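Line by line, the protein sequences are chains A and B. So the mapping is simple: this note's numbering equals the position in the first sequence, first residue as 1, plus 1. So the mapping is simple: this note's numbering equals the position in the second sequence, first residue as 1, plus 1. Cβ atoms here follow ideal geometry from the backbone N, Cα and C, with glycine treated the same way. Because the structure is a prediction, the values reported are computed rather than measured. Since the structure comes first, as structure tokens, the remarks are kept for the end.
Number of protein chains: 2
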Amino acid sequence: MVAGAAAGPAVKTAAARPSIEPLRLLVSDDMDAVNREILRRMASDVSLIPELASHLIAAGGKRIRPLLTLGAAKLCGYRGDKHVLLATCVEFIHTATLLHDDVVDESERRRGNTTANVLWGNQASVLVGDFLFSRAFQLMVETGSLEVLRILANASAVIAEGEVLQLMTANDMDSTEADYLKVIESKTAALFAAACRVGAVIANRPDDEVQGLDDYGRYLGIAFQLVDDALDYAADGATLGKNTGDDFKEGKVTLPVVLAFNRGSETERSFWRRVIEQPEEQQPEDWQQAQRHLARHGAIEETLGRARLYGQKARQALMAFPAGTARDALAEAIDFAIERAL
Amino acid sequence: MVAGAAAGPAVKTAAARPSIEPLRLLVSDDMDAVNREILRRMASDVSLIPELASHLIAAGGKRIRPLLTLGAAKLCGYRGDKHVLLATCVEFIHTATLLHDDVVDESERRRGNTTANVLWGNQASVLVGDFLFSRAFQLMVETGSLEVLRILANASAVIAEGEVLQLMTANDMDSTEADYLKVIESKTAALFAAACRVGAVIANRPDDEVQGLDDYGRYLGIAFQLVDDALDYAADGATLGKNTGDDFKEGKVTLPVVLAFNRGSETERSFWRRVIEQPEEQQPEDWQQAQRHLARHGAIEETLGRARLYGQKARQALMAFPAGTARDALAEAIDFAIERAL
Chain A
2 MVAGAAAGPA VKTAAARPSI EPLRLLVSDD MDAVNREILR RMASDVSLIP
52 ELASHLIAAG GKRIRPLLTL GAAKLCGYRG DKHVLLATCV EFIHTATLLH
102 DDVVDESERR RGNTTANVLW GNQASVLVGD FLFSRAFQLM VETGSLEVLR
152 ILANASAVIA EGEVLQLMTA NDMDSTEADY LKVIESKTAA LFAAACRVGA
202 VIANRPDDEV QGLDDYGRYL GIAFQLVDDA LDYAADGATL GKNTGDDFKE
252 GKVTLPVVLA FNRGSETERS FWRRVIEQPE EQQPEDWQQA QRHLARHGAI
302 EETLGRARLY GQKARQALMA FPAGTARDAL AEAIDFAIER AL
Chain B
2 MVAGAAAGPA VKTAAARPSI EPLRLLVSDD MDAVNREILR RMASDVSLIP
52 ELASHLIAAG GKRIRPLLTL GAAKLCGYRG DKHVLLATCV EFIHTATLLH
102 DDVVDESERR RGNTTANVLW GNQASVLVGD FLFSRAFQLM VETGSLEVLR
152 ILANASAVIA EGEVLQLMTA NDMDSTEADY LKVIESKTAA LFAAACRVGA
202 VIANRPDDEV QGLDDYGRYL GIAFQLVDDA LDYAADGATL GKNTGDDFKE
252 GKVTLPVVLA FNRGSETERS FWRRVIEQPE EQQPEDWQQA QRHLARHGAI
302 EETLGRARLY GQKARQALMA FPAGTARDAL AEAIDFAIER AL
């Protein structure tokens with residue numbers, strides 16, 4: 002058993018670090034079906050649509066949202082095939098928002114690739130986003146569940162509200178921690194919550210389980226975004242496959258900035274006002290200065306600490322479900338979301 | 002009866018020119034309810050959303066799509082209240098596409114006003130469009146009809162496909178009349194068809210009536226867009242409340258251009274290739290030159306002739322329904338759509 006013996010330590014090393022792999026393994030057949038469905042459903046006679054969509058979708062990404070839908074359905078003992086449609090639909094909604102986000106943020110890199118807006122222009126990105134969004138609703142209709150449609154239509158409206166609020170609070174150092182929390186609850190956590198909730202809904206589970214999975218997804222989504230926003234101030238851009246420092250360059254008011262601003266001296270506050278409110282005037286040395294201010298007030302550590310607190314809430318929400326590989330895999334996804342920052 | 006006698010000739014004068022007014026009168030109470038619903042449903046805690054949305058919605062426009070939904074429901078003898086939700090939803094889908102269109106086309110004027118993208122930026126227009134689109138789906142869910150959701154999700158996907166196809170065929174004089182027809186069937190006629198179809202669906206009418214109203218809407222939509230595209234080459238910009246010459250400036254390949262190109266001399270074809278394929282290089286005199294070429298080949302008249310043919314098809318589709326004020330009002334809407342060009 003040389004192979005097994007050789008694999009031993011590797012497996013142990015892998016297990017020592019929280020991973021999304023147990024969740025991926027738990028639903029691997031379903032996820033293969035989702036990947037096929039994604040390719041099939043982005044098809045269109047209008048060739049630019051699959052061309053542009055597949056550029057972003059083929060680049061990968063963790064597919065964490067469809068994994069959550071499949072994992073939630075598994076946890077609920079769902080035996081049908083609608084979870085595959087729903088996971089596809091959730092990924093399409095997410096992809097549509099990414100296409101629109103990159104236009105809004107004028108981003109040039111996403112998942113380690115040049116963004117669609119750079120390659121095909123803003124116009125095509127806006128319209129293909131609209132197409133994927135419509136396609137998502139067509140998929141929902143196929144599930145035949147009005148409750149699913151209600152959940153995901155509500156989530157979509159909340160996501161758009163969150164994105165607009167983010168736009169309004171950007172470049173404004175008077176925006177508060179409460180504003181920030183509302184932005185991330187809306188733009189990120191609402192879809193995580195809906196992705197999990199629909200898994201329980203199609204399995205016809207009772208209200209407390211539906212709410213339990215909603216809570217799990219929501220808290221996980223908040224933790225996930227807190228970590229993302231902490232990582233945006235990390236020294237090394239490789240972690241996320243996107244440009245570290247994007248939030249800073251765009252003058253987004255994320256939690257690390259709010260904390261450093263609130264705890265900063267008058268001089269520091271003036272610094273933050275200048276770089277966040279007129280990001281186009283930033284100087285090369287401002288990035289290092291920002292990191293020094295963040296470090297002085299433990300703003301990144303505190304942001305990650307909040308993420309851990311929301312992670313605990315997510316874990317608590319899971320505990321209402323029976324122990325087993327599904328619950329373990331979903332629980333480890335929380336740790337993965339948080340520990341990827343370390 | 003002095004007042005009555007005085008009103009007589011005025012009514013006759015009004016009747017002499019086809020109008021949308023009979024349709025508006027037919028459903029005026031319902032339309033008041035729709036206008037209230039529109040205001041109510043664009044509300045959001047995120048203040049920029051109602052601010053931006055109401056700029057476009059308050060500017061008016063003919064509201065022809067919600068009028069069609071209400072008129073179709075009336076023609077089908079519908080007695081419930083879901084038609085008001087549906088008409089609101091149809092107008093929201095239309096408004097969302099206008100916001101995105103204006104970003105895509107970099108338009109500066111719409112309905113006689115400065116566009117939202119100019120006033121609030123592309124970012125806000127994209128995101129508020131997404132919000133209105135999501136809101137439209139929330140309204141559909143409230144009707145409780147999966148069939149309605151199916152129809153409008155399909156229409157939304159087809160609209161996005163049409164917009165992308167329009168983007169692909171723009172600035173390309175090799176695009177054909179068939180391409181053009183597919184673009185307008187998708188980007189315009191699909192929503193007209195859906196707006197009418199749902200009126201029959203909520204009234205639980207048999208398939209042939211559902212299809213009849215779908216046909217009516219589709220042909221009317223094609224006629225409507227043909228006239229729009231003819232008017233874009235009209236001498237006077239006041240007619241549409243938008244800038245005459247926009248299509249020319251953007252290098253869109255609409256039917257007047259296709260016809261003039263196909264019938265033109267080699268010199269004329271070179272002219273069209275130059276102005277359509279590199280619109281940014283257009284010279285001030287090109288606009289007059291284009292109009293001379295269009296006139297020489299009767300391209301505008303022919304475009305309006307096609308609109309009349311589709312208008313006849315729309316009328317034919319209506320004839321399956323019993324005679325009465327509803328049918329008359331919907332028939333007159335066809336003439337209105339066409340005659341506004343004269």
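Please state if the CB of residue j and the CB of residue i are separated by a distance shorter than 8 Å.
i, j, result
"THR170/A", "VAL254/A", "yes"
"SER157/B", "SER135/A", "yes"
"VAL259/A", "VAL47/B", "no"
"ALA334/A", "LEU24/A", "yes"
"ARG114/B", "VAL104/B", "First, the residue type needs correcting, since residue 114/B is Asn and not Arg in the sequence shown. Not in contact: ASN114/B and VAL104/B (Cβ atoms no closer than 8 Å)."
"LEU168/A", "LEU53/B", "no"
"ALA194/B", "ASP215/B", "yes"
"ARG328/B", "LEU76/B", "yes"
"THR89/A", "ILE160/A", "no"
"GLU278/B", "MET174/B", "yes"
"ARG297/A", "ILE339/A", "no"
"LEU192/A", "LEU227/A", "no"
"ALA204/A", "ALA318/A", "no"
"PRO280/A", "LYS250/A", "yes"
"THR344/A", "ALA231/A", "No statement about residue 344/A is possible, as the shown extent of chain A runs from 2 to 343 and does not include it."
"HIS101/B", "ASP102/A", "no"
Can you pull the chain B neighbours of residue i, defined as C-beta to C-beta under 8 Å?
i, result
"HIS56/A", "Under the 8 Å cutoff, chain B gives no residues; its nearest Cβ is about 14 Å from HIS56/A."
For residue i and residue j, what's the separation of their Cα atoms in angstroms?
i, j, result
"GLY200/A", "GLY72/A", "8 Å"
"ALA151/A", "VAL142/B", "Residue identity differs from the one stated: residue 151/A is Arg in this sequence, not Ala. Those two C-alpha atoms are separated by around 6 Å."
"GLU50/A", "THR116/A", "Note on residue identity: the sequence assigns Ile, not Glu, to residue 50/A. The alpha-carbon atoms of ILE50/A and THR116/A are separated by roughly 15 Å."
"GLU162/A", "LYS188/A", "8 Å"
"ILE1/A", "ALA300/B", "No statement about residue 1/A is possible, as the shown extent of chain A runs from 2 to 343 and does not include it."
"VAL35/A", "ARG198/A", "18 Å"
"GLU210/A", "THR70/A", "14 Å"
"LEU133/A", "ALA330/A", "29 Å"
"ILE65/B", "ARG80/B", "21 Å"
"GLN283/A", "ASP336/B", "59 Å"
"GLU22/A", "VAL28/A", "10 Å"
"ALA137/A", "GLY62/A", "19 Å"
"VAL202/B", "LEU221/B", "19 Å"
"HIS294/B", "SER271/B", "12 Å"
"GLY238/B", "ASP106/B", "Because GLY238/B sits at a pLDDT of 48, beneath the cut-off of 50, its placement in the model cannot be relied upon, and the following sentence gives the value as read from the coordinates. Rounded to the nearest angstrom, the two C-alpha atoms are 18 Å apart."
"PRO207/A", "ILE185/A", "28 Å"
"ALA224/A", "ALA196/A", "16 Å"
"ARG110/A", "ILE58/A", "14 Å"
"LEU153/A", "GLY306/B", "45 Å"
"VAL149/B", "ALA261/A", "50 Å"
"MET320/B", "GLN212/B", "13 Å"
Which chain A residues sit within Cβ distance under 7 Å of residue i?
i, result
"HIS95/B", "Per Cβ cutoff of 7 Å: no residues; HIS95/B is ~13 Å from chain A at best."
"PHE132/B", "ALA158, ALA161, GLU162, VAL165"
Mind listing the chain A neighbours of residue i? Cutoff is C-beta to C-beta under 8 Å, in chain order.
i, result
"ARG1/B", "One cannot answer for residue 1/B here, as it falls past the ends of chain B, which runs 2 to 343."
"GLN139/B", "ARG151, ALA154, ASN155, ALA158"
Taking its Cβ as the centre, do 16 or more other Cβ atoms sit within 10 Å of residue i, making it buried, or is it exposed?
i, result
"MET32/A", "buried"
"ASN263/A", "exposed"
"ARG1/A", "What the structure shows of chain A is the stretch from 2 to 343, and residue 1/A is not part of that stretch, so it cannot be assessed."
"GLY312/B", "buried"
"GLU267/A", "exposed"
"PRO67/B", "buried"
"LEU241/A", "Any answer about LEU241/A is weak, because its pLDDT of 49 lies below 50 and its placement is not dependable; what the coordinates show is given next. Answer is buried; the Cβ neighbour count reaches 16."
"GLN124/A", "buried"
"GLY325/A", "exposed"
"PRO323/A", "exposed"
"GLY289/A", "A small correction: the amino acid at residue 289/A is Gln; Gly does not occupy that position in the sequence shown. With fewer than 16 other Cβ atoms within 10 Å, it is exposed."
"LEU26/A", "exposed"
Is residue i a contact residue of the ligand COA, with contact defined as CB to any heavy atom under 7 Å?
i, result
"ARG80/B", "Looking for the ligand COA in the displayed structure turns up nothing, as the structure carries no ligands at all."
Can you pull the chain B neighbours of residue i, defined as C-beta to C-beta under 9 Å?
i, result
"MET169/A", "VAL47, SER48, LEU49, ALA125"
Chain B partners of residue i, CB-CB under 7 Å?
i, result
"VAL129/A", "VAL165"
(request) Compile a chain-ordered list of the residues in the region 143 to 166 of chain A whose CB is closer than 7 Å to at least one CB of chain B. (result) GLY145, LEU147, LEU150, ARG151, ALA154, ASN155, SER157, ALA158, ALA161, GLU162, GLU164, VAL165, LEU166
(message) Along the region 78 to 104 of chain A, where does the CB come closer than 7 Å to a CB of chain B? Name the residues.
(response) HIS101, VAL104
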